[in-house]
Structures are given as structure tokens and as C-alpha cells.
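Heads up: the structure comes next, in C-alpha cells.
There are 2 protein chains.
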Amino acid sequence: MTAQDGATTPRWLDEQEMAAWLPLLRVVQLLPQALDRRLRSEAGIGHAYDQVLATLSAQPERALAMGELARLTATSPSRLSHAVAALEERGWVSRRPCPTDRRIQYACLTDGGFALLAGIAPGHVAEVRRVVFDGLDAEDVARLRVLMTTLSGVLAEPPVPSAQVAREGHVRGA
Amino acid sequence: MTAQDGATTPRWLDEQEMAAWLPLLRVVQLLPQALDRRLRSEAGIGHAYDQVLATLSAQPERALAMGELARLTATSPSRLSHAVAALEERGWVSRRPCPTDRRIQYACLTDGGFALLAGIAPGHVAEVRRVVFDGLDAEDVARLRVLMTTLSGVLAEPPVPSAQVAREGHVRGA
DNA sequence: CCGTGACAGTTGAAGGTTCAAGCAACTTCT
DNA sequence: AGAAGTTGCTTGAACCTTCAACTGTCACGG
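Same order as they appear, the protein sequences are chains A and B.
The first sequence lines up with residues 278 to 451 when you count with my numbering.
The second sequence lines up with residues 278 to 451 when you count with my numbering.
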């Protein structure tokens, strides 16, 4: 029941590609779940929120404009706004206006937020190590780095305006 | 924040690991977004729902017990229940009871669901190709397969029942 | 100075995911 | 048979993400 028939089909995934695609799909689905579960049981926040806090903590002033923060964490402005609102309500982040440009808001990591981060970081890195790096040797890590850098580069590009994706004549291997 | 306290901290990520971890995190975050956006604009469903339909379409009878379907798509029973309910409401899946075990429900892909799938499959595979395989040569694909298979194997294991949670710094509440 | 447009961030509603309960049907043990 | 436990799936509430619309601010040009 594979859709191989259409004349408009750009070339189906071959066996090798499929053998890479299915596990990748699984990793992409299960890895955030694993990270979320651990963090949520330890701190009550998902790993997306943790990433916000961690990114702030890495800044010299523990503060960042919303836009920059959104860019660094690869999230949408809307999502970040909601996230920072939730984190602010829990006292881990505070907002401060920018003196020179009143459109800009800075998100600042509070001492409480920093303490929280310090508390959960060990467990978090242990989990990352368990699910990712414990199974890999140095060469694997190097290959993973190259591959993921390539993919994240493509994913960072704009989402392709519209329909002009499907023009690929090249057929090589079935 | 550089934690190196041997006893509680398992060992921080070194430079090589960090250089692999950050792009991996990004891929894990952006890849589902890219797939979701494309599918949602074409069919009004996210890629999780598409995966349900696709898995059903690959079965001999285009049907599967909920439990099996949950296992194959690596989703929780609850999530699948909600998903199938939504897909059923749109007429792409129907539920049928099992004659021999009345606890079991079969999810069946309808003709409409199959037609939808046939319609979106070309665009979907084109997107997968664009964001993943267009940037990789045959060796890269082989490496990706090995790496992702390893990781998905670890992730498939039980979420660590109790094991090493010992260090609970407990900052929660607040 | 005022209008236009771009930019930074927020808001609310709709939909998806998760968690903890819960119900019903099967199994096992006595 | 009947009680107790297990399995298979569903439900509802809380939360998170997304999308489109919106507010307020700045920059530019007449």
C-alpha cells in the first residue's frame, strides 16, 4: 500500500533512507518526552522552559531581550511570551523594560530561578548522558555532531514559501 | 554553573559532546515543527495523526488494535485514543469491536482516510527529503541510521523505574 | 508634524498532549 | 462460581503550543 503510483511523487524513500528515517522519527518523538518527564518530576517544568532558564543563565547579566531569547532557543515569540509569563508567575524570571527602546522587554533570571537551575542541572545532564552519550563512543559523537549540524542548518532556513518543493528528477536506486 | 562535584554530578558534557548535543536538541525541536506545518497546511492534521493513518495503511486489512497501533507509533494509549477520536470524527478512521475479546477496539482506515493519505504522501515525502536527505550522501545516511537506531533503542527502554533518582534536591512547590 | 510602515512583544482561542482516574471485559485462583 | 487482579481502552482536567489578530513603539518621508 505504498503510494508509488503518482506521476507527481518526487521519489520515494529507498530502503537505506527508510532504515534511517524511522529511527530518527522515533528519536525526535521520544527524546523530548524523556527529557520532559525527568524535568517535570523534578522541577515541575518541561524542557522547553528549562531551556529558557538555562539560556538566560549563560548570559553575562542573566538577562536577554525577548527577541534574542526567542532566537537562541529557536522558539516563536508567542511561545516565549507564554513561557516567560509562566516562569515569571513562579518567580524564576522577571521582566524589565529597555531604557533606550521601549518596545523591547528584557527577561531576567532571578536568584530563585538560578537556584532552581542549579538544583536540576545535575539530574538533567545525567539524563542526557543516559539517553544519548552513554551509548556512543567518541567517533559516534563526532558523526552525530556533523549530521545534526547539517540537519539543523536546513531546518533553520525559512519554511519554503509554497508549492515549489517537488521538482526532483534524479532517480538513483530504488 | 560548571558542576564537577563527582559524587552528585555525573560529569558535565565536554566540548565535543556539547557540540553534538546543541544541534541535536535543535533538530529534535524543529523537525516535528517542520513536518507539522507542512501537513497541517495540506491536510489539517499534525504529523502524529498522519503517522497513525500511515501505520494503518501499511497493515494488510488497514486495521489494527488500539494497543498495537499505540506500540507501533510509540504513543501513549491516551494520546492514541484522543487521536483516533478526532480522526473518526473527520471520517478517516472507524472503530470496530473485536469479536473474540470485547476489551479490544480495532481502528480501521476508511476509504476516505486512505484517499487523504494518498493525497498528502507525495508532499510529505518531498518535505522529508528536503529537510533530511537532500543534505546527506549515502554514507551520511548509513551513519544516521546507526546512530538513530542506537538512540531509539535506549529511549524505548522503560523510563528508569527507580534506579538513580536518589539525589532529589526538591525545589518544587513554590 | 503627521502618516505610513516596520518592528517587538502580547493576547486569546483552538487544538494537541499528558497525567491520573476510571470503566469494562478477561484471567486466575480457590 | 465468585473474588481479586490484570488488561485494554477511554475520559476529563490541566497544561503547552500554535495561529491570527492586536497594541504600542520606532523609523522614515512628505
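We put the CB at the ideal spot given by N, CA and C, even for glycine.
Note that the structure is predicted; figures quoted are calculated from it, not measured.
Along the chain, where does the alpha helix (DSSP H) that runs through residue i open and close?
i: Arg380 (chain A); result: Arg380 (chain A) -> no alpha helix (DSSP H), and no H or E assigned at all.
i: Gln336 (chain B); result: Where Gln336 (chain B) is concerned, there is no enclosing alpha helix (DSSP H), given that its DSSP letter is neither H nor E.
i: Ser355 (chain B); result: Pro354 to Glu366
i: Arg317 (chain A); result: Glu292 to Ala320
Does any residue of chain A bring its CB to less than 8 Å from the CB of residue i?
i: Asp327 (chain B); result: no
i: Arg252 (chain B); result: Because chain B in this structure spans residues 278 to 451, residue 252 (chain B) falls outside the shown range and cannot be described.
i: Ser358 (chain B); result: no
i: Glu292 (chain B); result: no
i: Val313 (chain B); result: Here residue 313 (chain B) is Asp; the residue named in the question, Val, does not match the sequence. No, Asp313 (chain B) does not count as interfacial toward chain A.
i: Pro300 (chain B); result: yes
i: Ala297 (chain B); result: yes
Taking 8 Å as the CB-CB cut-off, is residue i touching chain B?
i: Asp414 (chain A); result: no
i: Glu345 (chain A); result: no
i: Leu432 (chain A); result: yes
i: Ala340 (chain A); result: no
i: Glu365 (chain A); result: no
i: Pro316 (chain A); result: In the sequence on display, residue 316 (chain A) carries Leu and not Pro. With 8 Å as the cut-off, Leu316 (chain A) does not count as an interface residue toward chain B.
i: Leu308 (chain A); result: yes
i: Val370 (chain A); result: no
i: Val408 (chain A); result: yes
i: Ala351 (chain A); result: yes
What residue does the beta strand (DSSP E) around residue i start on, and which one ends it?
i: Ala340 (chain A); result: Ala340 to Ala342
CB-CB under 8 Å to residue i, same chain, minus the five flanking residues each way: which ones, in chain order?
i: Leu349 (chain B); result: Thr332 and Leu341
i: Cys385 (chain A); result: Leu333, Glu338, Arg339, Ala340, Val370, Ser371, Arg372 and Arg373
i: Ala320 (chain B); result: Asp327, Leu393, Gly396 and Ile397
i: Gly368 (chain B); result: Thr387, Gly389 and Gly390
i: Ile381 (chain B); result: Ala342, Met343, Gly344, Pro374 and Cys375
Looking at the structure shown, is residue i part of a helix, part of a strand, or coil, going by DSSP?
i: Ser371 (chain B); result: strand
i: Ala384 (chain B); result: strand
i: Val448 (chain A); result: The pLDDT assigned to Val448 (chain A) is 33, lower than 50, so where the model puts this residue is not dependable, and the model offers no usable value.
i: Asp414 (chain B); result: coil
i: Thr427 (chain B); result: helix
i: Val409 (chain B); result: coil
i: Arg422 (chain A); result: helix
i: Arg288 (chain A); result: coil
i: Ala351 (chain A); result: coil
i: Glu345 (chain B); result: helix
i: Gly390 (chain A); result: helix
i: Glu434 (chain A); result: coil
i: Gly396 (chain B); result: helix
i: Ala403 (chain B); result: helix
Once the 5 residues before and after residue i are set aside, which same chain residues still bring their CB inside 6 Å of it?
i: Asp282 (chain A); result: For Asp282 (chain A), the predicted model reports a pLDDT of 47, less than 50, meaning its position is unreliable and no value from the coordinates is stated.
i: Gln306 (chain B); result: none
i: Val235 (chain B); result: The question about residue 235 (chain B) has no answer here: the residues shown for chain B are numbered 278 through 451.
i: Leu432 (chain A); result: none
i: His359 (chain A); result: none
Enumerate in chain order the residues of its own chain whose CB-to-CB distance from residue i is below 7 Å, with the five nearest sequence positions on each side excluded.
i: Trp298 (chain B); result: Leu290
i: His324 (chain B); result: Pro309, Leu312, Asp313 and Leu316
i: Met278 (chain A); result: Caution is warranted here: a pLDDT of 49 is assigned to Met278 (chain A), below 50, making its placement in the model unreliable, and no coordinate value can be reported.
i: Ile322 (chain A); result: Leu316
i: Glu365 (chain A); result: Ser371 and Arg372
I'd like to confirm something about residue i: is its beta-carbon nearer than 7 Å to some heavy atom of the ligand SAM, or not?
i: Ala296 (chain A); result: As presented, the structure is devoid of all ligands, the ligand SAM included, so that no description of it is given.
If contact means a Cβ-Cβ distance below 9 Å, which residues of the segment 372-405 of chain A contact chain B? Those would be Gly389, Phe391, Ala392, Leu393, Leu394, Ala395, Gly396, Ile397, Ala398, Pro399, Gly400, Val402, Ala403, Glu404 and Val405, in chain order.
If the cut-off is 9 Å on Cβ atoms, which residues from the segment 417-432 of chain A count as contacting chain B, listed in chain order? Within the segment 417-432 of chain A, the qualifying residues are Asp417, Val418, Ala419, Arg420, Leu421, Arg422, Val423, Leu424, Met425, Thr426, Thr427, Leu428, Ser429, Gly430, Val431 and Leu432.
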